[in-house]
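Before any comments, here is the structure.
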Amino acid sequence: MSARRLLEILALTLAMGLAAVSPSHAVQPGEVLQDPVLEARARALSEGLRCLVCQNQSIDDSDAPLAKDLRVLVRERLTAGDSDDEILDFVVARYGEFVLLKPRFTPHTWLLWLATPVVLLAAAAAIIFAHRRRNLATEGPKPLTASEKRRLKRLIGEG
Amino acid sequence: MIAEVGHYALILALGVAIVQTVLPLIGTRLRDPQLTAVAVPAAQAEFILIGFAFLALMTAYVTSDFSVANVWQNSHSAKPMLYKISGVWGNHEGSMLLWVLILALFGAAVSTFGKNLPRQLQANVLAVQGSIAVAFLLFIIITSNPFMRIDPAPFDGEGLNPVLQDPALAFHPPFLYVGYVGFSMAFSFAVAALIDGRIDAAWARWVRPWTLAAWMCLTLGIAMGSWWAYYELGWGGFWFWDPVENASFMPWLAGTALLHSALVMEKRDALKVWTILLAIITFSLSLMGTFLVRSGVLTSVHAFAVDPERGVFILAIMGVFIGGALVLFAWRAPLLTQGGLFAPISREGSLVLNNLLLTVACAAVLVGTLYPLALEALTGDKISVGAPFFNLTFVPLIVPLLIAMPFGPLLAWKRGDLLAAAQRLTAAAVVSLAVIIVVLALHQNGPWLAPLGIGIGVWLIVGAVTEIAYRVKMFDASGEEVWRRLRNLPRAAYGGALAHAGVGVMVIGLVATSAWREERIVALAPGGSVDIAGYQLTFKGVVPRIGPNYRERVGTFVISRGGSQFTVLHPSKREFTVERSTTTESGIHNGWRGDLYVVLGDQLKDGAFSVRVYFNPLVRLIWIGALIMFFGGAVSLSDRRLRVGAPKRARTKAAMATGGK
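Chains S and B supply the protein sequences, listed in that same order. Going by my numbering, the first residue of the first sequence is number 1, and it counts up by one from there. Going by my numbering, the first residue of the second sequence is number 1001, and it counts up by one from there.
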């Protein structure tokens, strides 16, 4: 394990410890940007970014100091004039794909994104197939033969 | 002493469960009535023994017996009594004990109230229930024994996680487990039917009340969890698509589908094989939920790999039961005869659509929950699958289901008339459109899809009313006739309509609060104020206070509207001394337009406090909707058709007909 990796782990543990003892409250008054348009973009971006030391929280919701750093980072890039995509690329380059709550459509997530539509189509096809097969299996009653027709007429008293 | 007796009762229960599994199965094979009859007393004895073990553990908690390791780890003498009791299931070992207790409760219920069941079916069902109990009792005794002692006994306990010390969360697990475990009834009936190779409409009638009861409790349990998250976690969110939530949501989706397909089976003798499969899937998802939450695999794949004993055990249980049931299904299902033909446009057809969309939606949640785990285990790549994924995959499946929902009950069995149903829904469509237009006019800045969402909610509610109105011929019969029909309409019809309307109410709450939530994040010094949604909040300051097992700093906010004060909110921050952690207690004012939600944050360097204020419009409708769904289920469950066998009803009907002449 390199010294850098060790430091990273230390920092993460420390951050987690801090998060456990002194939860503050997600977005702080001091962080909010003056420009409401930029702030709205910052919030939208934050909602899609995962707090790395929490369990399934976005940095927008999280109390952890690390989430705060990321929120501030996003806002810095925004004020610097970056586009949303540039900011996401920047964050992913730093923290990895793990930081995105909405995974990108890449070969290792093809199955993730395509599974639902494929299951839907397969299930719909199976239902249609089963329906067809059952209709074929029970083609409805055969038409009456001539003798049966005569018998029926006699029975209902027309003969 | 009591702990040892509890431990002993648990081991005895394991023995009884083995008897309950083995003897009735042999009995039904050999057609030996005496062996078959063992199932009934065995199931009752199992319940009594596990109940005793549970009470033993509860006694240890109530008396704060810290020589029991489990009590020491999860309780504290200064904890309020309610949380001493709920602490029993607020931990891994105790919650597994609750799990088997509920399992045994259902078994005892079948043996006590299932007198009108065919002996063979009842014995097989109880044997399958017994086998599940064997697996989980072994799991508890071998890997998660709650009765372990420590010597010397510590002076005091370590306390219960403060966020769990909350009334809603105290009762959240029992309801959730009644839901999870309740689906084991459907599973056991399905496996029993497969063992028998025989299944008929009566089977569905016996399965439906159990499934319905489980579904009701699961609905309430999930709603309680979400309500707790809303007010306790301190930012007003109510659903996070967290794997733990998904673990309870998947059985709910499958269980909802099962309720509907069992309806087709009961009324029309169709969809048998599918209903059996769905019963197996639903309980499998319940088992998976237990595995996900209990094995620690969610916290980290690595943590699971480091200490795999419990996880591997539950995984093995899952493998045996799911695998076994599916093999049995593949082998025996072809024996089941299919009946009940129907046209695509019919009540059955609409229920098939319901099942298609619900199960695919369930699959979407399943994929989103398991994919990151599988990917990390296989390739080591870590990805996150969060709310945006589920919004893109789950929501598009559920919206068509909601739109189609009012049509279903208006279509006839076998062959329905879509045009006639559409005509009957004209009023609902007009009302919904009017609401959409009004909402659009009120919120001209978007979001644009939100008014449509509100419209769908209204459509569901008016659609449910329409259904009842047509069933009692509200518009073409005399008042007297309508009244007679209103009284004679089966409760199941009212229950169904209520549950559908409840979904509508919930949709309105979900859409409104997601779309039009307002938020202010400010630094306030005492005397400062902030405006939101027509309210004015004035911050009066913070005072310290001492609670039973915590210290807190309580803020005071005076809320006024139009210049006149009308309420005071006290959000606080609690510091739990024993557990050394803090919780946020938000201050919530519930108005008819929505909730005003105030959270007190930390003190900033200049002495001001960071304060977050939200206005969550109509947010309560989410939980009111869930309550209506629960209530709908209860009304339906009280239908005499479900309480007693169908033949009795036919008899009374015949008796009434002759009496009338």
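From the three backbone atoms N, C-alpha and C, an ideal C-beta is built for every residue, glycine too.
Residues of the segment 75-109 of chain S that bring their beta carbon within less than 8 Å of a beta carbon in chain B comprise 96, 97, 98, 99, 100, 101, 102, 103, 108 and 109, in sequence order. In this structure, the straight-line span from the alpha carbon of residue 102 of chain S to that of residue 1055 of chain B is close to 46 Å. According to the DSSP assignment, residue 1531 of chain B belongs to the beta strand (DSSP E) that extends over 1529-1532. For residue 1263 of chain B, there is no enclosing beta strand (DSSP E); the residue is part of the alpha helix (DSSP H) that begins and ends at 1243-1268. Looking at the backbone, the Cα of residue 1550 of chain B and that of residue 54 of chain S are separated by about 25 Å. Taking a C-beta distance under 7 Å as the contact criterion, residue 1397 of chain B and residue 1439 of chain B do not qualify as a contact pair.
Against chain B, the CB of residue 34 of chain S has no partner CB under 7 Å away; the residue lies outside that interface. Below the 8 Å Cβ cutoff, chain B contributes no neighbours of residue 132 of chain S, its closest Cβ being approximately 11 Å away. Rounded to whole angstroms, residue 1392 of chain B and residue 1277 of chain B show a C-alpha spacing of 28 Å.
Residues of chain B whose Cβ lies closer than 9 Å to the Cβ of residue 61 of chain S are, in chain order, 1233, 1235, 1237 and 1240. Assignment of beta-bridge partners to residue 1594 of chain B by DSSP yields B/1617.
Taking every protein chain shown into account, the CB of residue 153 of chain S has fewer than 16 other CB atoms within 10 angstroms, so this residue is exposed.
In the displayed model, residue 145 of chain S falls within coil according to three-state DSSP, outside both helix and strand.
Here residue 1589 of chain B carries a strand assignment [DSSP, helix/strand/coil]. For the pair residue 1261 of chain B and residue 1116 of chain B, the CB atoms are not nearer than the 7 Å cut-off.
In the DSSP assignment, residue 34 of chain S falls outside any alpha helix (DSSP H), carrying neither H nor E. Cβ-Cβ distances below 7 Å link residue 1630 of chain B to 1216, 1219 and 1220 in the same chain, with the five nearest sequence neighbours on each side left out; the list follows chain order.
By the rule that beta-carbons nearer than 7 Å mark a contact, residue 1597 of chain B does not touch chain S.
Residues of the segment 1375-1391 of chain B with a Cβ closer than 8 Å to any Cβ of chain S, in chain order: 1375, 1379, 1381, 1382, 1383, 1384, 1385, 1386, 1387, 1388 and 1389. Inside the segment 1154-1226 of chain B, DSSP marks whole alpha helix (DSSP H) runs of 4 or more residues at positions 1167-1196, from first to last along the chain. According to DSSP, residue 47 of chain S shares a beta bridge with no other residue. With a minimum length of 4 residues, the unbroken runs of alpha helix (DSSP H) contained wholly in the segment 1445-1500 of chain B fall at 1449-1471 and 1479-1488. Excluding residues up to 5 positions away in sequence, 1432, 1433, 1435, 1436 and 1439 lie with their Cβ nearer than 8 Å to the Cβ of residue 1455 of chain B in the same chain.
The three-state reading of DSSP puts residue 1272 of chain B in helix, counting H, G and I together.
Shown here for residue 1280 of chain B: same chain residues with a beta carbon closer than 8 Å to its own, the five before and five after excluded, namely 1187, 1190, 1191, 1322, 1325, 1326 and 1329 in chain order. Residue pairing of residue 1573 of chain B in beta bridges, as defined by DSSP: B/1553 and B/1584. In this model, residue 1579 of chain B and residue 1026 of chain B are separated by some 52 Å (Cα to Cα). Counting along the chain, residue 1308 of chain B sits inside no beta strand (DSSP E), nor does DSSP assign it H or E at all.
Annotated as distal: residue 1503 of chain B and residue 1621 of chain B, with beta-carbon spacing of 7 Å or more.
By the criterion of a C-beta distance shorter than 7 Å, residue 1203 of chain B is surrounded in its chain by 1189 and 1193, once the five residues flanking it on both sides are discounted. The shortest C-alpha to C-alpha distance from residue 1107 of chain B to any of B/1334, B/1043, B/1601 and B/1319 is the one to B/1043. Annotation: residue 71 of chain S to residue 81 of chain S spans about 16 Å, alpha carbon to alpha carbon.
DSSP places residue 1519 of chain B inside the beta strand (DSSP E), whose first and last residues are 1518-1524. Nearest C-alpha to residue 1375 of chain B among S/146, S/109, S/83 and S/90: S/109. With 16 or more other Cβ atoms inside 10 Å of its own Cβ, residue 1639 of chain B counts as buried.
Looking at the backbone, the Cα of residue 1480 of chain B and that of residue 1488 of chain B are separated by about 12 Å.
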